[in-house]
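Taking it in order: structure first as C-alpha coordinates, then the write-up.
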Amino acid sequence: MFSPTSKYDEVTFEDIKSKIHIIKNEDIEIHCTHITGIHTIIPPNAIELFIEEYNKGNTFLIDSQFYVYSSKKKFFTSDINNNNNEALNNKELSELDYFLHIYKNCLFSSESLQNENLKYLEHIVKEDSVNRFSVVKPYLDNLKITKSSQLTPSILSNMERLMTGIGIVSRLEFLKYIELIKKSNNYNIKINNQKNEHFIYASMSMLISLIEKYPNFNDIFSKSEYFNDISILSHTNRVSIMFISFLHYYNNLFRKGLSTKLRLDYRNHYWNTYKKIVSHLNIKAYYDKLEHIFKLGIREFTNVELTNFAVASLYHDVALFDMLDFIPVKEVIGSHRGVHTTRAYHFAKHLFHQKDNVSIIVTLHHECYGYGFSPSKHLIKKDAINKKLNNTTDIINLLSFEGDDIVSGAAYSYFPAKIFEVIDIYDTLSYMKGKKQDSASSIIRYMKDSFLTDEIKIDPIVFDLFVQFLADIGNEDVLNYALI
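So the sequence shown is numbered by the numbering used here: it starts at 2 and just counts up by one.
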(Lines of atoms letter the chains of each structure in order from A; the text may use other names.)
(Lines give C-alpha, C1' and ligand atoms only; values in the text may rest on other atoms or scores of the structure.)
Protein backbone atom coordinates (compact mmCIF):
# COMPACT_ATOMS: atom_id res chain seq x y z
CA MET A 2 0.00 0.00 0.00
CA PHE A 3 1.21 3.50 -0.86
CA SER A 4 2.16 5.46 2.24
CA PRO A 5 3.07 9.17 1.90
CA THR A 6 6.37 9.92 3.60
CA SER A 7 8.79 12.82 3.62
CA LYS A 8 9.50 11.74 0.06
CA TYR A 9 6.10 13.06 -1.14
CA ASP A 10 4.08 16.27 -0.81
CA GLU A 11 0.36 16.68 -1.28
CA VAL A 12 -1.04 18.81 -4.11
CA THR A 13 -4.61 19.78 -4.87
CA PHE A 14 -6.61 19.18 -8.02
CA GLU A 15 -6.52 22.93 -8.69
CA ASP A 16 -2.73 22.85 -8.40
CA ILE A 17 -2.62 20.09 -10.97
CA LYS A 18 -5.12 21.73 -13.29
CA SER A 19 -3.18 25.00 -13.37
CA LYS A 20 0.18 23.34 -14.10
CA ILE A 21 -0.60 21.02 -17.02
CA HIS A 22 2.24 22.35 -19.17
CA ILE A 23 4.78 22.06 -16.37
CA ILE A 24 3.64 18.54 -15.45
CA LYS A 25 4.31 17.45 -19.03
CA ASN A 26 7.58 19.32 -19.44
CA GLU A 27 8.97 18.23 -16.10
CA ASP A 28 7.70 14.64 -16.47
CA ILE A 29 5.88 14.76 -13.12
CA GLU A 30 3.92 11.72 -12.01
CA ILE A 31 0.80 12.29 -9.90
CA HIS A 32 0.30 9.70 -7.16
CA CYS A 33 -3.42 9.21 -6.56
CA THR A 34 -4.52 7.56 -3.29
CA HIS A 35 -8.19 6.73 -2.72
CA ILE A 36 -9.76 6.81 0.77
CA THR A 37 -9.92 2.99 0.59
CA GLY A 38 -6.14 2.85 0.26
CA ILE A 39 -6.11 1.97 -3.44
CA HIS A 40 -3.18 3.69 -5.10
CA THR A 41 -2.55 4.50 -8.75
CA ILE A 42 -0.10 6.66 -10.67
CA ILE A 43 -1.13 9.18 -13.31
CA PRO A 44 1.68 9.52 -15.90
CA PRO A 45 2.38 12.99 -17.33
CA ASN A 46 1.09 12.07 -20.78
CA ALA A 47 -2.33 11.19 -19.29
CA ILE A 48 -2.79 14.36 -17.26
CA GLU A 49 -5.45 15.84 -19.55
CA LEU A 50 -7.49 12.62 -19.42
CA PHE A 51 -7.17 12.68 -15.63
CA ILE A 52 -8.53 16.25 -15.49
CA GLU A 53 -11.34 15.37 -17.88
CA GLU A 54 -12.39 12.40 -15.75
CA TYR A 55 -12.24 14.43 -12.54
CA ASN A 56 -14.43 17.15 -14.06
CA LYS A 57 -16.94 14.48 -15.17
CA GLY A 58 -17.40 13.56 -11.50
CA ASN A 59 -15.32 10.37 -11.39
CA THR A 60 -15.96 9.30 -7.77
CA PHE A 61 -12.68 7.45 -7.43
CA LEU A 62 -10.72 10.59 -8.28
CA ILE A 63 -12.93 12.96 -6.27
CA ASP A 64 -12.47 10.81 -3.17
CA SER A 65 -8.69 10.66 -3.60
CA GLN A 66 -5.69 12.68 -2.44
CA PHE A 67 -2.86 13.59 -4.79
CA TYR A 68 0.88 13.56 -4.18
CA VAL A 69 4.09 14.37 -6.04
CA TYR A 70 7.72 13.77 -5.20
CA SER A 71 8.89 16.41 -2.74
CA SER A 72 11.56 17.55 -5.18
CA LYS A 73 8.73 18.41 -7.64
CA LYS A 74 6.57 20.40 -5.22
CA LYS A 75 8.38 23.61 -6.10
CA PHE A 76 6.72 23.53 -9.54
CA PHE A 77 3.31 23.80 -7.88
CA THR A 78 4.14 26.50 -5.35
CA SER A 79 6.52 28.83 -7.15
CA ASP A 80 5.65 31.33 -9.83
CA ILE A 81 7.05 29.45 -12.79
CA ASN A 82 6.20 30.62 -16.26
CA ASN A 83 4.42 27.72 -17.98
CA ASN A 84 6.17 28.47 -21.23
CA ASN A 85 9.59 28.51 -19.66
CA ASN A 86 11.18 25.15 -20.27
CA GLU A 87 14.36 26.55 -18.79
CA ALA A 88 13.35 25.17 -15.45
CA LEU A 89 16.22 22.98 -16.57
CA ASN A 90 18.42 25.91 -15.69
CA ASN A 91 20.22 25.25 -12.45
CA LYS A 92 19.77 28.89 -11.50
CA GLU A 93 16.15 27.96 -10.79
CA LEU A 94 17.02 24.73 -8.98
CA SER A 95 19.63 23.63 -6.47
CA GLU A 96 22.35 21.42 -7.94
CA LEU A 97 20.82 18.43 -6.17
CA ASP A 98 17.33 19.10 -7.54
CA TYR A 99 18.74 19.90 -10.96
CA PHE A 100 20.45 16.50 -11.01
CA LEU A 101 17.25 14.69 -10.01
CA HIS A 102 15.27 16.75 -12.51
CA ILE A 103 17.50 15.69 -15.40
CA TYR A 104 18.43 12.18 -14.29
CA LYS A 105 15.08 10.75 -13.28
CA ASN A 106 16.41 7.36 -14.33
CA CYS A 107 18.97 7.52 -11.49
CA LEU A 108 16.19 7.16 -8.93
CA PHE A 109 16.09 3.73 -7.32
CA SER A 110 12.79 1.83 -7.33
CA SER A 111 13.19 0.70 -3.72
CA GLU A 112 12.44 3.44 -1.20
CA SER A 113 15.15 2.24 1.18
CA LEU A 114 17.76 2.16 -1.57
CA GLN A 115 16.60 5.52 -2.88
CA ASN A 116 16.92 7.17 0.53
CA GLU A 117 20.42 5.75 0.94
CA ASN A 118 21.43 6.93 -2.52
CA LEU A 119 20.01 10.41 -1.95
CA LYS A 120 22.22 10.71 1.13
CA TYR A 121 25.20 9.69 -1.00
CA LEU A 122 24.26 12.23 -3.68
CA GLU A 123 23.77 14.98 -1.11
CA HIS A 124 27.19 14.23 0.39
CA ILE A 125 28.85 14.42 -3.04
CA VAL A 126 27.07 17.62 -4.08
CA LYS A 127 28.16 19.40 -0.89
CA GLU A 128 31.77 19.06 -1.96
CA ASP A 129 33.43 21.52 -4.31
CA SER A 130 33.23 20.15 -7.86
CA VAL A 131 36.99 19.51 -8.09
CA ASN A 132 37.01 17.48 -4.86
CA ARG A 133 33.93 15.31 -5.25
CA PHE A 134 35.82 12.09 -5.70
CA SER A 135 37.10 12.57 -2.14
CA VAL A 136 33.67 11.28 -1.05
CA VAL A 137 34.09 8.20 -3.25
CA LYS A 138 37.78 7.52 -2.57
CA PRO A 139 37.32 5.67 0.77
CA TYR A 140 35.56 2.84 -1.09
CA LEU A 141 38.56 2.43 -3.41
CA ASP A 142 40.91 2.52 -0.40
CA ASN A 143 38.86 -0.21 1.29
CA LEU A 144 39.12 -2.43 -1.78
CA LYS A 145 42.88 -1.92 -1.97
CA ILE A 146 43.41 -3.40 1.48
CA THR A 147 40.98 -6.30 1.23
CA LYS A 148 42.61 -9.71 1.61
CA SER A 149 39.59 -11.99 1.61
CA SER A 150 39.56 -14.89 -0.83
CA GLN A 151 35.74 -14.84 -0.69
CA LEU A 152 33.28 -12.38 -2.19
CA THR A 153 32.23 -10.77 1.09
CA PRO A 154 29.38 -8.28 1.69
CA SER A 155 32.03 -5.65 2.43
CA ILE A 156 33.72 -6.15 -0.96
CA LEU A 157 30.36 -6.01 -2.73
CA SER A 158 29.33 -2.84 -0.89
CA ASN A 159 32.60 -1.08 -1.64
CA MET A 160 32.47 -2.12 -5.31
CA GLU A 161 28.93 -0.83 -5.73
CA ARG A 162 29.48 2.44 -3.85
CA LEU A 163 32.68 3.09 -5.83
CA MET A 164 30.99 2.52 -9.20
CA THR A 165 27.84 4.42 -8.27
CA GLY A 166 29.90 7.32 -6.92
CA ILE A 167 31.82 7.56 -10.19
CA GLY A 168 28.50 7.46 -12.04
CA ILE A 169 27.07 10.30 -9.98
CA VAL A 170 30.16 12.52 -10.22
CA SER A 171 30.43 11.89 -13.98
CA ARG A 172 26.83 12.97 -14.47
CA LEU A 173 27.36 16.10 -12.37
CA GLU A 174 30.36 16.87 -14.58
CA PHE A 175 28.25 16.29 -17.68
CA LEU A 176 25.65 18.81 -16.47
CA LYS A 177 28.44 21.31 -15.87
CA TYR A 178 29.68 20.63 -19.39
CA ILE A 179 26.22 21.33 -20.82
CA GLU A 180 26.10 24.67 -18.98
CA LEU A 181 29.52 25.62 -20.36
CA ILE A 182 28.36 24.79 -23.89
CA LYS A 183 25.25 26.94 -23.40
CA LYS A 184 27.36 29.87 -22.32
CA SER A 185 30.10 29.55 -24.93
CA ASN A 186 28.26 27.85 -27.82
CA ASN A 187 31.40 25.75 -28.23
CA TYR A 188 31.35 21.94 -28.30
CA ASN A 189 35.14 21.70 -28.13
CA ILE A 190 35.48 22.77 -24.50
CA LYS A 191 38.14 20.78 -22.67
CA ILE A 192 38.55 20.54 -18.91
CA ASN A 193 41.94 19.26 -17.81
CA ASN A 194 41.29 17.53 -14.50
CA GLN A 195 44.03 14.93 -14.31
CA LYS A 196 43.27 14.25 -10.65
CA ASN A 197 39.79 12.98 -11.49
CA GLU A 198 41.02 11.04 -14.52
CA HIS A 199 43.69 9.28 -12.47
CA PHE A 200 41.12 8.35 -9.85
CA ILE A 201 38.76 6.84 -12.43
CA TYR A 202 41.53 4.80 -14.06
CA ALA A 203 42.84 3.61 -10.68
CA SER A 204 39.30 2.58 -9.72
CA MET A 205 38.71 0.65 -12.92
CA SER A 206 42.08 -1.09 -12.62
CA MET A 207 41.05 -2.26 -9.17
CA LEU A 208 37.67 -3.49 -10.44
CA ILE A 209 39.35 -5.35 -13.30
CA SER A 210 41.51 -7.21 -10.80
CA LEU A 211 38.57 -7.99 -8.52
CA ILE A 212 36.35 -9.24 -11.33
CA GLU A 213 39.14 -11.46 -12.64
CA LYS A 214 39.19 -12.97 -9.14
CA TYR A 215 35.37 -13.14 -8.86
CA PRO A 216 34.18 -13.58 -12.49
CA ASN A 217 30.65 -14.88 -11.79
CA PHE A 218 28.60 -11.73 -12.39
CA ASN A 219 25.37 -13.48 -11.37
CA ASP A 220 26.91 -14.27 -8.00
CA ILE A 221 27.85 -10.60 -7.56
CA PHE A 222 24.39 -9.36 -8.53
CA SER A 223 22.47 -11.86 -6.44
CA LYS A 224 24.28 -10.87 -3.24
CA SER A 225 23.57 -7.13 -3.39
CA GLU A 226 20.18 -5.50 -3.91
CA TYR A 227 21.94 -2.38 -5.20
CA PHE A 228 23.00 -4.32 -8.29
CA ASN A 229 19.44 -5.51 -8.95
CA ASP A 230 17.60 -2.21 -9.27
CA ILE A 231 16.13 -0.84 -12.50
CA SER A 232 17.88 2.54 -12.18
CA ILE A 233 20.40 3.59 -14.81
CA LEU A 234 23.15 3.58 -12.17
CA SER A 235 22.50 -0.09 -11.41
CA HIS A 236 22.28 -0.86 -15.12
CA THR A 237 25.63 0.81 -15.78
CA ASN A 238 27.26 -1.04 -12.89
CA ARG A 239 25.94 -4.41 -14.04
CA VAL A 240 26.93 -3.86 -17.66
CA SER A 241 30.42 -2.73 -16.63
CA ILE A 242 30.92 -5.83 -14.48
CA MET A 243 29.66 -8.18 -17.20
CA PHE A 244 31.79 -6.41 -19.83
CA ILE A 245 34.96 -6.73 -17.74
CA SER A 246 34.19 -10.35 -16.89
CA PHE A 247 33.54 -11.14 -20.56
CA LEU A 248 36.82 -9.54 -21.66
CA HIS A 249 38.72 -11.75 -19.20
CA TYR A 250 36.75 -14.74 -20.50
CA TYR A 251 37.49 -13.83 -24.12
CA ASN A 252 41.23 -13.53 -23.42
CA ASN A 253 41.22 -16.97 -21.80
CA LEU A 254 39.44 -18.45 -24.84
CA PHE A 255 41.94 -16.79 -27.17
CA ARG A 256 44.84 -18.36 -25.28
CA LYS A 257 43.15 -21.75 -25.73
CA GLY A 258 42.87 -21.49 -29.52
CA LEU A 259 39.76 -19.40 -30.20
CA SER A 260 41.26 -17.94 -33.37
CA THR A 261 41.75 -21.36 -34.95
CA LYS A 262 38.27 -22.51 -33.94
CA LEU A 263 36.60 -19.45 -35.47
CA ARG A 264 38.51 -19.88 -38.73
CA LEU A 265 37.27 -23.46 -38.96
CA ASP A 266 33.68 -22.49 -38.10
CA TYR A 267 33.50 -19.36 -40.20
CA ARG A 268 32.53 -20.66 -43.64
CA ASN A 269 29.78 -23.03 -42.50
CA HIS A 270 28.31 -21.04 -39.63
CA TYR A 271 28.99 -17.30 -40.05
CA TRP A 272 29.75 -16.52 -43.68
CA ASN A 273 26.15 -16.04 -44.79
CA THR A 274 25.31 -13.80 -41.81
CA TYR A 275 28.25 -11.50 -42.47
CA LYS A 276 27.29 -11.42 -46.14
CA LYS A 277 23.90 -10.03 -45.09
CA ILE A 278 25.55 -7.41 -42.88
CA VAL A 279 27.91 -6.18 -45.60
CA SER A 280 25.08 -6.08 -48.15
CA HIS A 281 22.82 -4.10 -45.84
CA LEU A 282 25.55 -1.56 -45.06
CA ASN A 283 26.37 -1.21 -48.77
CA ILE A 284 30.10 -1.29 -48.18
CA LYS A 285 32.89 -2.95 -50.16
CA ALA A 286 34.15 -4.98 -47.21
CA TYR A 287 35.26 -8.52 -48.01
CA TYR A 288 33.73 -11.41 -46.09
CA ASP A 289 35.07 -14.66 -47.59
CA LYS A 290 37.39 -15.33 -44.66
CA LEU A 291 37.50 -14.47 -40.97
CA GLU A 292 40.54 -12.27 -41.68
CA HIS A 293 38.45 -10.29 -44.17
CA ILE A 294 35.84 -9.49 -41.51
CA PHE A 295 38.43 -8.66 -38.85
CA LYS A 296 41.29 -6.53 -40.10
CA LEU A 297 44.45 -8.56 -39.36
CA GLY A 298 42.33 -11.24 -37.65
CA ILE A 299 41.45 -11.50 -33.97
CA ARG A 300 43.81 -11.03 -31.04
CA GLU A 301 43.97 -10.83 -27.25
CA PHE A 302 43.12 -7.57 -25.46
CA THR A 303 45.96 -5.87 -23.58
CA ASN A 304 45.76 -4.78 -19.93
CA VAL A 305 45.80 -1.13 -21.01
CA GLU A 306 42.88 -1.78 -23.35
CA LEU A 307 40.93 -3.54 -20.60
CA THR A 308 41.23 -0.43 -18.43
CA ASN A 309 40.19 1.89 -21.25
CA PHE A 310 37.21 -0.31 -22.10
CA ALA A 311 36.15 -0.42 -18.45
CA VAL A 312 36.23 3.39 -18.32
CA ALA A 313 34.10 3.52 -21.48
CA SER A 314 31.55 1.19 -19.88
CA LEU A 315 31.03 3.61 -17.00
CA TYR A 316 30.72 6.60 -19.35
CA HIS A 317 28.48 4.93 -21.94
CA ASP A 318 25.12 6.16 -20.59
CA VAL A 319 26.28 9.29 -18.79
CA ALA A 320 24.12 11.36 -21.15
CA LEU A 321 21.11 9.02 -21.16
CA PHE A 322 17.93 10.59 -19.82
CA ASP A 323 15.39 8.08 -21.23
CA MET A 324 15.69 4.43 -20.20
CA LEU A 325 14.10 3.29 -23.49
CA ASP A 326 16.60 5.07 -25.71
CA PHE A 327 18.72 2.06 -26.52
CA ILE A 328 16.94 -1.01 -27.90
CA PRO A 329 17.14 -1.65 -31.68
CA VAL A 330 13.41 -2.31 -32.06
CA LYS A 331 11.37 0.29 -33.93
CA GLU A 332 8.51 0.25 -31.46
CA VAL A 333 10.87 1.12 -28.61
CA ILE A 334 13.45 3.41 -30.15
CA GLY A 335 11.21 6.26 -31.31
CA SER A 336 12.35 9.27 -33.28
CA HIS A 337 14.93 10.35 -30.68
CA ARG A 338 16.91 7.12 -30.71
CA GLY A 339 20.54 7.17 -29.78
CA VAL A 340 20.80 10.88 -29.06
CA HIS A 341 22.53 10.08 -25.78
CA THR A 342 25.44 8.42 -27.61
CA THR A 343 26.20 11.71 -29.35
CA ARG A 344 26.04 13.66 -26.10
CA ALA A 345 28.24 11.10 -24.35
CA TYR A 346 30.71 11.15 -27.26
CA HIS A 347 31.19 14.89 -26.86
CA PHE A 348 31.52 14.47 -23.12
CA ALA A 349 34.18 11.74 -23.33
CA LYS A 350 36.13 13.13 -26.28
CA HIS A 351 35.91 16.89 -25.87
CA LEU A 352 35.49 17.38 -22.14
CA PHE A 353 37.69 14.61 -20.76
CA HIS A 354 39.74 14.18 -23.98
CA GLN A 355 39.57 10.41 -23.61
CA LYS A 356 41.45 8.07 -25.93
CA ASP A 357 39.70 7.05 -29.14
CA ASN A 358 39.02 3.52 -27.92
CA VAL A 359 36.99 5.01 -25.04
CA SER A 360 35.00 7.56 -27.05
CA ILE A 361 34.39 5.11 -29.93
CA ILE A 362 32.76 2.54 -27.63
CA VAL A 363 30.62 5.31 -26.11
CA THR A 364 29.60 6.43 -29.60
CA LEU A 365 29.04 3.14 -31.41
CA HIS A 366 27.47 0.92 -28.76
CA HIS A 367 24.00 1.31 -30.34
CA GLU A 368 25.02 1.26 -34.00
CA CYS A 369 23.59 -2.24 -34.51
CA TYR A 370 25.02 -2.65 -38.01
CA GLY A 371 22.96 0.17 -39.46
CA TYR A 372 19.69 -0.66 -37.70
CA GLY A 373 20.38 1.33 -34.56
CA PHE A 374 21.80 4.80 -34.27
CA SER A 375 24.40 6.07 -36.73
CA PRO A 376 26.38 8.94 -35.21
CA SER A 377 27.22 10.27 -38.68
CA LYS A 378 23.87 12.09 -38.60
CA HIS A 379 24.64 14.04 -35.47
CA LEU A 380 28.36 14.33 -34.73
CA ILE A 381 29.97 17.59 -35.80
CA LYS A 382 31.49 17.33 -39.27
CA LYS A 383 35.09 17.96 -38.34
CA ASP A 384 35.25 14.83 -36.17
CA ALA A 385 37.13 12.10 -37.99
CA ILE A 386 34.67 9.43 -36.95
CA ASN A 387 31.91 11.33 -38.74
CA LYS A 388 34.02 11.58 -41.89
CA LYS A 389 34.58 7.83 -41.79
CA LEU A 390 30.89 7.01 -41.58
CA ASN A 391 30.12 9.30 -44.49
CA ASN A 392 32.53 7.35 -46.72
CA THR A 393 31.38 3.80 -46.10
CA THR A 394 31.92 2.68 -49.71
CA ASP A 395 35.71 2.89 -49.13
CA ILE A 396 35.69 0.57 -46.08
CA ILE A 397 37.28 -2.79 -46.80
CA ASN A 398 37.01 -4.44 -43.35
CA LEU A 399 33.87 -4.73 -41.30
CA LEU A 400 35.59 -4.91 -37.90
CA SER A 401 38.86 -4.01 -36.27
CA PHE A 402 40.51 -4.28 -32.86
CA GLU A 403 42.21 -0.91 -33.46
CA GLY A 404 40.51 2.40 -32.73
CA ASP A 405 42.68 4.11 -35.35
CA ASP A 406 41.10 1.98 -38.07
CA ILE A 407 37.65 3.30 -37.14
CA VAL A 408 38.80 6.91 -37.15
CA SER A 409 40.67 6.54 -40.45
CA GLY A 410 37.85 4.65 -42.14
CA ALA A 411 39.79 1.43 -42.73
CA ALA A 412 37.11 -0.54 -40.88
CA TYR A 413 33.41 0.00 -40.29
CA SER A 414 33.10 -0.77 -36.58
CA TYR A 415 35.08 -1.45 -33.45
CA PHE A 416 34.99 -5.03 -32.18
CA PRO A 417 34.98 -4.04 -28.45
CA ALA A 418 31.96 -1.82 -29.16
CA LYS A 419 30.17 -4.80 -30.72
CA ILE A 420 30.84 -6.81 -27.56
CA PHE A 421 29.55 -4.01 -25.38
CA GLU A 422 26.48 -3.58 -27.60
CA VAL A 423 25.35 -7.17 -26.98
CA ILE A 424 25.92 -7.00 -23.21
CA ASP A 425 24.12 -3.66 -22.96
CA ILE A 426 21.08 -4.96 -24.84
CA TYR A 427 21.01 -8.16 -22.78
CA ASP A 428 20.93 -6.30 -19.47
CA THR A 429 18.34 -3.81 -20.73
CA LEU A 430 16.03 -6.60 -21.81
CA SER A 431 16.62 -8.34 -18.48
CA TYR A 432 14.99 -5.41 -16.66
CA MET A 433 12.52 -4.16 -19.28
CA LYS A 434 9.44 -4.92 -17.15
CA GLY A 435 10.64 -3.03 -14.10
CA LYS A 436 12.26 -6.01 -12.41
CA LYS A 437 14.78 -8.74 -13.10
CA GLN A 438 13.44 -11.32 -15.51
CA ASP A 439 13.75 -14.88 -14.26
CA SER A 440 14.87 -16.57 -17.46
CA ALA A 441 18.14 -15.72 -19.20
CA SER A 442 17.21 -18.28 -21.85
CA SER A 443 14.05 -16.37 -22.85
CA ILE A 444 16.08 -13.17 -23.27
CA ILE A 445 18.74 -14.90 -25.35
CA ARG A 446 16.06 -16.57 -27.46
CA TYR A 447 14.43 -13.16 -28.02
CA MET A 448 17.77 -11.61 -29.02
CA LYS A 449 18.45 -14.43 -31.46
CA ASP A 450 14.97 -14.24 -33.02
CA SER A 451 14.82 -10.43 -33.15
CA PHE A 452 18.39 -9.45 -33.98
CA LEU A 453 19.90 -12.39 -35.90
CA THR A 454 17.27 -13.57 -38.36
CA ASP A 455 16.05 -11.39 -41.25
CA GLU A 456 17.79 -8.21 -40.06
CA ILE A 457 21.23 -8.73 -38.54
CA LYS A 458 21.51 -6.14 -35.78
CA ILE A 459 24.16 -7.64 -33.52
CA ASP A 460 27.41 -9.42 -34.28
CA PRO A 461 26.92 -13.20 -34.69
CA ILE A 462 30.36 -14.20 -33.38
CA VAL A 463 29.97 -11.93 -30.36
CA PHE A 464 26.51 -13.38 -29.73
CA ASP A 465 27.82 -16.96 -29.70
CA LEU A 466 30.74 -16.05 -27.46
CA PHE A 467 28.35 -14.24 -25.12
CA VAL A 468 26.01 -17.26 -24.96
CA GLN A 469 28.99 -19.44 -24.09
CA PHE A 470 30.06 -16.88 -21.47
CA LEU A 471 26.60 -16.89 -19.85
CA ALA A 472 26.74 -20.67 -19.63
CA ASP A 473 30.34 -21.06 -18.44
CA ILE A 474 30.63 -18.07 -16.09
CA GLY A 475 27.01 -17.24 -15.21
CA ASN A 476 25.79 -20.84 -15.01
CA GLU A 477 22.86 -20.04 -17.31
CA ASP A 478 21.11 -22.73 -19.37
CA VAL A 479 21.40 -20.98 -22.75
CA LEU A 480 23.69 -23.07 -24.98
CA ASN A 481 20.75 -24.34 -27.05
CA TYR A 482 20.34 -20.83 -28.48
CA ALA A 483 23.86 -20.43 -29.89
CA LEU A 484 24.09 -20.12 -33.66
CA ILE A 485 26.47 -23.10 -33.84
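The C-beta atom is built at its ideal place from N, Cα and C for all residues, glycine as well. In this text the structure is predicted, and so the values were computed from the model without any measurement.
Between I474 and P139, the gap from beta carbon to beta carbon reaches 8 Å or more.
Distance from the CA atom of S19 to the CA atom of E30, rounded to whole angstroms, is 15 Å.
Y9 places its beta carbon 8 Å or farther from that of Y99. The beta carbon of I42 sits closer than 8 Å to the beta carbons of E30, I31, H32, C33 from its chain, once the five residues preceding and following it are set aside; these are given in chain order. Sequence-distant partners of E306 (beyond 5 residues in either direction) whose C-beta falls short of 7 Å from its own C-beta, in its chain, are N358. For E11, the enclosing beta strand (DSSP E) stretches over residues 9-12. From the listed residues Q151, P45, H40, the smallest Cα separation to L62 is found for H40. By the criterion of at least three beta-carbon pairs nearer than 8 Å, the segment 158-165 is not in contact with the segment 175-184.
DSSP places L480 in the helix class (H, G or I) of the three-state scheme. Bridge pairing for I457: L453 [DSSP].
Relative to the Cα of H293, the nearest Cα in the group L122, H317, L315, L263 belongs to L263. In this structure, L122 lies near L97, with their beta-carbon atoms less than 8 Å apart. Per DSSP, V131 lies in no beta strand (DSSP E) and is assigned neither H nor E.
Judged by their CB atoms, I459 and L466 are not nearer to each other than the 8 Å cut-off. Between C369 and the set D406, I424, N26, the nearest pair of CA atoms involves I424. Short of 8 Å from the beta carbon of S111, and not among the five residues preceding or following it, lie these beta carbons of its own chain, in chain order: E226, D230. Membership of A320 in any alpha helix (DSSP H) is not indicated, and neither H nor E is assigned to it by DSSP. Annotation: H270 is outside any beta strand (DSSP E) and is labelled neither H nor E by DSSP. With a cut-off of 8 Å on Cβ pairs, the segment 301-315 is in contact with the segment 243-256, counting three or more such pairs.
For A472 against L480, the beta-carbon gap comes to about 5 Å, under 8 Å, which counts as contact.
By alpha-carbon distance to V363, the top candidate from K419, Y372, Y55 is K419.
Residue state for F67 is assigned as strand, using DSSP reduced to three classes. In this structure, F67 sits near I17, with a CB-CB distance shorter than 8 Å. Closest by C-alpha distance to F295, out of I278, D142, D289, S401, is S401. A412 and N118 have their C-alpha atoms some 42 Å from each other.
Bridge partners of F295 according to DSSP: L400. A residue is called buried once 16 or more other Cβ atoms fall within 10 Å of its Cβ, and R239 is buried on that count. Taking D220 as the centre and dropping the five residues before and after it, the same chain places the C-beta of L152 closer than 7 Å to its C-beta, in chain order. The continuous beta strand (DSSP E) containing A412 extends over residues 412-415.
Note that the segment 196-205 touches the segment 133-148; at least 3 beta-carbon pairs, one per stretch, sit closer than 8 Å.
Beta-bridge pairing by DSSP links T34 to H40, Q66.
Residue range 154-185 is occupied by the alpha helix (DSSP H) that includes I169. If only complete runs of 3 or more residues are kept, the segment 199-261 shows no beta strand (DSSP E) anywhere.
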